[in-house]
Amino acid sequence: MTVYDDLTLVRAELDRCMKCGNCMAVCPIYATVKNEAGVARGKVGVAEAVLSGDLALDDKAVVEMLFNCLVCKSCMQNCPTKVHFDRIILALRAAVVRKNGLPWLKDLIFSLLRNPRLFDAGLRIGAAFQGVAFRTHPEQQAISPRSPFAWIGKSAGFDASRFLPALTTHPLRDRVPETIQTPNARTRVAFFTGCSLNYFYPQAGLDVIQVLTENHVEVVVPNEQQCCGIAVFVHGDIDTARTLARNNLDAFEKSGAEYLVTGCGSCGGAWQHEYKELLAGDPVYGPKAEYWSSRTYDISTFLLNVIDYRRPTGKLDAVVTYHDSCHLKKSMQVFEEPREILKSIPGVVFKEMPQADACCGSGGSYVLTHFDTSTDIARRKIENAGKTGARTIATGCPACMMQLLDNVNRHGNGQAVTHYICLLARSYRSE
Ligand code: SF4
Ligand code: SF4
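Numbering of the sequence shown is given in my numbering, commencing with residue 32 and proceeding in unit increments.
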């Protein structure tokens with residue numbers, strides 16, 4: 032039994048909050064809305080009122096308040112008593128879903144995630160027909176305000192002015208064999224691609240594989256892997272999150288790999304932390320989740336701390352700044368390694384931006400449900416990136432890449448947005 036099954040178990044976590052308000056200084060939502068309801072302290076108060084019976088989980092205002100959070104964990108970094116606020120907010124959302132069920136649209140989307148064949152087919156059909164509702168820009172697409180189908184995107188939360196990466200018609204996992212061998216392999220890793228690298232950024236996924244094989248690492252890309260489940264977990268659908276976690280654990284158990292590597296902070300955080308939390312007490316899958324948690328690495332930490340990668344010699348000539356993905360830094364504690372990799376590339380001039388670890392406002396689907404707040408948070412990020420003069424913004428999370436891409440077009444000056452691994456792969460290619 033976990034806090035995601037019984038809200039009363041979250042009481043001990045609530046009692047650790049001393050109402051100091053330190054979370055206000057770092058909460059990206061509070062910086063925009065200037066309202067106690069936006070910040071951790073306010074939500075801790077709501078949780079206490081729910082437990083004492085003063086507020087109800089079917090009250091619309093309560094539900095809106097509980098879903099107005101990016102789960103970015105910034106407040107946890109600045110909390111003197113180390114309140115696990117992520118546990119509190121996700122336990123509350125799980126309780127909301129137990130009481131009210133899922134809204135129909137979320138229910139529909141999450142049921143697709145439970146059925147990977149249907150999910151895959153849906154995205155392939157979407158890729159084939161996206162030209163109907165999107166106008167094409169060089170290397171990116173946006174919903175066209177002139178398209179008769181723009182209302183479809185708008186009703187799902189896609190503002191008509193947004194720039195989004197194109198869905199690929201040729202997903203990453205179609206492009207590579209399940210096992211990619213390399214001469215003189217020193218070890219074997221399993222690559223968890225996640226949905227975003229598979230369907231939106233396949234080249235970044237290919238670059239992860241190239242960098243690994245370049246360093247004599249055999250790569251397995253299990254075909255049976257599914258969505259990591261973070262998107263459903265943060266929306267309170269605990270049953271689906273557990274189903275996806277168990278399916279992924281089964282798929283990777285067969286891989287025969289020594290390590291698991293990710294190129295996405297959210298996916299990596301799921302494997303390192305959330306699967307263990309969700310499956311605590313499960314006699315079969317709890318130990319499997321523990322096993323893979325200790326063997327999961329972001330590609331940067333794997334390159335630096337496990338195999339000591341070969342430093343590249345190909346010159347790039349690029350001024351680069353780096354945005355810390357919340358899940359990569361605040362969940363996986365990965366922040367020095369991507370910078371070290373960028374600085375190891377000949378010709379890269381690295382410029383640190385102010386508040387590099389401030390959230391970009393994406394929050395996975397937060398940008399869909401709270402577009403104006405999300406975009407205001409992203410504006411601050413792009414302005415800070417702009418102060419460095421860098422022409423490239425690198426990061427380690429595909430969801431952040433989508434948010435940065437969109438907001439560079441609103442508030443930036445044409446900077447390129449990329450995954451840091453793509454720059455390393457490009458340097459190897461130009462040797
Ligand atoms: S910083 Fe921590 S202890 Fe202080 S109000 Fe926020 S959650 Fe509570
Ligand atoms: S998780 Fe992020 S958005 Fe939510 S209360 Fe904490 S700092 Fe604010």
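Note that the Cβ used here is the ideal one computed from N, Cα and C, for glycine as well.
- The residue from 246, 204, 221, 206 with its alpha-carbon nearest to that of residue 213 is 246.
- From the listed residues 401, 329, 318, 36, the smallest Cα separation to residue 124 is found for 36.
- Cβ-Cβ separation between residue 231 and residue 429: approximately 6 Å, consistent with a contact (criterion under 8 Å).
- Counting of Cβ neighbours within 10 angstroms places residue 438 among the buried residues, the total reaching 16 or more.
- A distance of 8 Å or more separates the beta carbons of residue 101 and residue 353.
- Note: residue 424 is bridge-paired with 352, 448 in the DSSP secondary-structure output.
- A distance criterion of 7 Å places the beta-carbon of residue 60 in contact range of ligand 2, judged by its closest non-hydrogen atom.
- The stretch 367–384 makes no contact with the stretch 32–48: fewer than 3 CB pairs, one atom from each, lie closer than 8 Å.
- Under the three-state reduction of DSSP output, residue 141 falls in the helix class.
- Between residue 133 and residue 313, the CB-CB gap reaches or exceeds 8 Å.
- Put simply, of 103, 238, 87, 399 the residue whose alpha carbon is nearest the alpha carbon of residue 70 is 103.
- Restricted to the stretch 203–238, the beta strand (DSSP E) segments that are unbroken, complete and at least 3 residues in length are 218–223, listed in chain order.
- DSSP places residue 329 within a strand segment (E or B) once states are collapsed to three.
- Per DSSP, reduced to three states, the secondary structure at residue 163 is helical.
- Ligand 1 has a heavy atom closer than 7 Å to the beta-carbon of residue 111.
- For residue 274, the three-state secondary structure derived from DSSP is helix.
- Going by DSSP, residue 340 is part of no alpha helix (DSSP H) at all; its letter is neither H nor E.
- Ligand 1 never approaches residue 118 closely enough for any of its heavy atoms to be under 7 Å from the residue's Cβ.
- Cβ neighbours of residue 225 within its own chain (closer than 8 Å, five residues either side excluded): 258, 259, 293, 294, 295, 297, 298, 429.
- In this structure, the straight-line span from the alpha carbon of residue 288 to that of residue 90 is close to 48 Å.
- A buried status is given to residue 249, since no fewer than 16 other beta-carbon atoms sit within 10 Å of its beta-carbon.
- The stretch 401–412 and the stretch 270–282 do not touch, with fewer than three beta-carbon pairs separated by less than 8 Å.
- Contact between residue 356 and residue 443 does not hold, since their C-beta atoms are separated by about 18 Å, which reaches or exceeds 8 Å.
- DSSP, read as helix, strand or coil, puts residue 289 in coil.
- For residue 249, the enclosing beta strand (DSSP E) covers residues 248–251.
- For residue 41, same chain residues with a beta-carbon under 6 Å away, outside a window of 5 residues either side, are 34, 119, 122 in chain order.
- By the C-beta criterion, the stretch 136–155 is judged to be in contact with the stretch 263–277, since at least 3 inter-stretch pairs fall below 8 Å.
- Taking residue 221 as reference, the option from 361, 201, 206, 243 with the minimal CA-CA separation is 243.
- In this structure, residue 276 sits near residue 320, with a CB-CB distance shorter than 8 Å.
- According to DSSP, residue 359 shares a beta bridge with no other residue.
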